[in-house]
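Peer 1:
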Amino acid sequence: MKAVILAGGLGTRLSEETVVRPKPMLEIGGRPILWHIMQIFAAHGVTEFVICLGYKGYVIKEFFLNYRLHLSDVTLNLGSGDVRFHRSAAENWQVSLIETGDATMTGGRLRRVRDYLGDDDFFMTYGDGVADIDLTALHAFHRAHGRLATLTAVVPPGRFGALDLAGDAVRAFREKPAGDGATINGGFFVLSPKVLDYIEDDATIWENAPLERLAREGQLHAYQHTGFWQAMDTLRDKKHLEELWARGDAPWKVW
Numbered sequence: 459m460k461a462v463i464l465a466g467g468l469g470t471r472l473s474e475e476t477v478v479r480p481k482p483m484l485e486i487g488g489r490p491i492l493w494h495i496m497q498i499f500a501a502h503g504v505t506e507f508v509i510c511l512g513y514k515g516y517v518i519k520e521f522f523l524n525y526r527l528h529l530s531d532v533t534l535n536l537g538s539g540d541v542r543f544h545r546s547a548a549e550n551w552q553v554s555l556i557e558t559g560d561a562t563m564t565g566g567r568l569r570r571v572r573d574y575l576g577d578d579d580f581f582m583t584y585g586d587g588v589a590d591i592d593l594t595a596l597h598a599f600h601r602a603h604g605r606l607a608t609l610t611a612v613v614p615p616g617r618f619g620a621l622d623l624a625g626d627a628v629r630a631f632r633e634k635p636a637g638d639g640a641t642i643n644g645g646f647f648v649l650s651p652k653v654l655d656y657i658e659d660d661a662t663i664w665e666n667a668p669l670e671r672l673a674r675e676g677q678l679h680a681y682q683h684t685g686f687w688q689a690m691d692t693l694r695d696k697k698h699l700e701e702l703w704a705r706g707d708a709p710w711k712v713w
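Just so we're aligned, residue 459 is where the sequence shown starts under my numbering, counting upward by one.
1. Grouping DSSP H, G and I as helix and E and B as strand, with all else coil, what is residue 567?
2. Specify the secondary structure class of residue 697 as computed by DSSP and reduced to three states.
3. Have a look at 656, 686 and 557 and flag the residue whose alpha-carbon is nearest the alpha-carbon of residue 509.
4. What is the DSSP secondary structure of residue 412, counted as helix, strand or coil?
5. Using 8 Å as the cut-off, can you tell me whether the stretch 668-678 makes contact with the stretch 596-603, which would need three or more C-beta pairs spanning the two stretches below that distance?
6. Compare the C-alpha of residue 664 against each of 647, 579 and 706 and name the closest.
7. Could I get the ranges of all uninterrupted beta strand (DSSP E) runs contained in the stretch 544-590, with 3 residues as the minimum, in chain order?
8. DSSP three-state call for residue 475: helix, strand or coil?
9. How about residue 532 and residue 479: are their beta carbons less than 8 Å apart?
10. If the criterion is Cβ atoms closer than 8 Å, does the pair residue 607 and residue 575 meet it?
11. If you draw a straight line from the C-alpha of residue 520 to the C-alpha of residue 584, how long is it?
12. Mind checking which residues open and close the beta strand (DSSP E) that includes residue 687?
13. Whose C-beta lies closer than 6 Å to the C-beta of residue 605 among residues of the same chain, with five residues either side of it excluded?
14. Between the stretch 461-469 and the stretch 501-515, can you find at least three pairs of beta-carbon atoms closer than 8 Å?
15. Is residue 593 buried or exposed, if buried means 16 or more other CB atoms sit within 10 Å of its CB?
16. Report, in whole angstroms, the separation of the C-beta atoms of residue 534 and residue 654, which I expect to be a contact under 8 Å.
17. Can you tell me where the beta strand (DSSP E) holding residue 646 begins and where it ends?
18. From this set, 693, 695, 708 and 700, which residue's C-alpha is nearest residue 686's C-alpha?
19. Excluding sequence positions up to five away, which residues of its chain have a Cβ less than 6 Å from the Cβ of residue 611?
20. Can you tell me whether residue 504 is helix, strand or coil according to DSSP?
21. Nearest CA to the CA of residue 662: which residue from 564, 597, 495 and 548?
22. Quick one: Cα of residue 710 to Cα of residue 497, how far?
23. Please name the residue, chosen from 652, 666, 522 and 550, that lies closest to residue 499 on a Cα-to-Cα basis.
24. Where does residue 460 land, buried or exposed, given buried means 16+ other C-beta within 10 angstroms?
25. Quick one: what's got a C-beta closer than 6 Å to residue 487's C-beta in the same chain, skipping five residues either side?
26. What does DSSP give as the partner residue(s) for residue 530 in the beta ladder?
27. May I ask which residues mark the beginning and end of the alpha helix (DSSP H) holding residue 517?
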């Protein structure tokens with residue numbers, strides 16, 4: 459299976475850093491979060507990627523074009539320009555980097571890569587969220603229900619500590635409990651290519667009309683993920699992920 463990763467948005471809530479590079483290239487532990495997402499897929503045998511580029515997509519292209527060089531010992535012939543690679547730690551991935559437009563919406567980006575997907579089901583996710591999700595189980599769930607689309611339902615982490623009260627007396631503090639119990643779309647989709655027919659044009663937002671229509675028609679199921687999930691929407695989120703990685707406690711590191 460292939461994995462499509464949406465990596466073209468502006469990342470306006472991280473504008474302090476995204477002014478010079480796209481959000482999926484913001485680093486956690488010295489590697490772009492996009493690389494972390496790809497490693498999650500590769501841990502489940504998915505090594506063919508279609509990256510939907512948009513805002514500052516050239517930064518992502520340059521990263522992958524130079525990736526093997528940066529991870530290898532090389533011998534250069536300065537006269538001929540020949541390059542010989544020796545030891546390399548580069549992963550054996552196939553990565554298609556597709557320009558999908560700076561202003562294109564999420565559905566439009568997916569529609570634009572149609573020619574790169576083939577006729578089989580594929581994974582799709584966003585370029586800013588990590589999880590310890592069992593992608594093998596997600597795919598099996600999708601195949602079992604036989605509908606066109608599966609999304610991953612998650613409970614978002616809490617952002618603030620909570621008070622344990624008895625009347626007006628504070629009994630204890632609880633460290634950032636999960637949200638109010640409501641589940642949200644956590645990305646990590648499995649999709650039939652037929653869902654592309656639900657996308658009208660570049661202005662189509664995937665999370666609106668296409669998903670709503672799939673739901674109305676009974677073609678959308680939710681895989682319940684109860685483990686770790688975190689989107690990198692703000693600098694607070696980025697700092698939290700960096701802290702987890704630095705202390706060797708990154709739940710999404712399943713490789």
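Beta carbons are placed, not taken as given, at the ideal position from N, Cα and C, and that holds for glycine.
Peer 2: Let's see:
1. Collapsing the DSSP output to three states places residue 567 in a helix.
2. It is helical.
3. 557
4. Since the first residue shown for the chain is 459 and the last is 713, residue 412 is missing from the structure and cannot be characterised.
5. Touching, no, given that fewer than three Cβ pairs across the two stretches are closer than 8 Å.
6. 647
7. 552-557, 580-584 and 587-589
8. In this structure, residue 475 counts as helix in the three-state DSSP scheme.
9. no
10. Judged by beta-carbon spacing, residue 575 lies beyond the 8 Å limit of residue 607, meaning their Cβ atoms are not closer than that value.
11. 20 Å
12. 687-689
13. 677 and 679
14. Yes: at least three Cβ pairs fall under 8 Å.
15. Its Cβ being crowded by 16 or more others within 10 Å, residue 593 is buried.
16. Rounded, the Cβ-Cβ distance is 44 Å, inconsistent with contact.
17. Note, residue 646: premise wrong, no beta strand (DSSP E); not H, not E.
18. 708
19. 641, 680 and 682
20. coil
21. Out of 564, 597, 495 and 548, the CA that lies nearest to the CA of residue 662 is found in 564.
22. Each residue's Cα considered, the two are about 9 Å apart.
23. 550
24. buried
25. 703
26. BP columns for residue 530 point to 546.
27. 515-523
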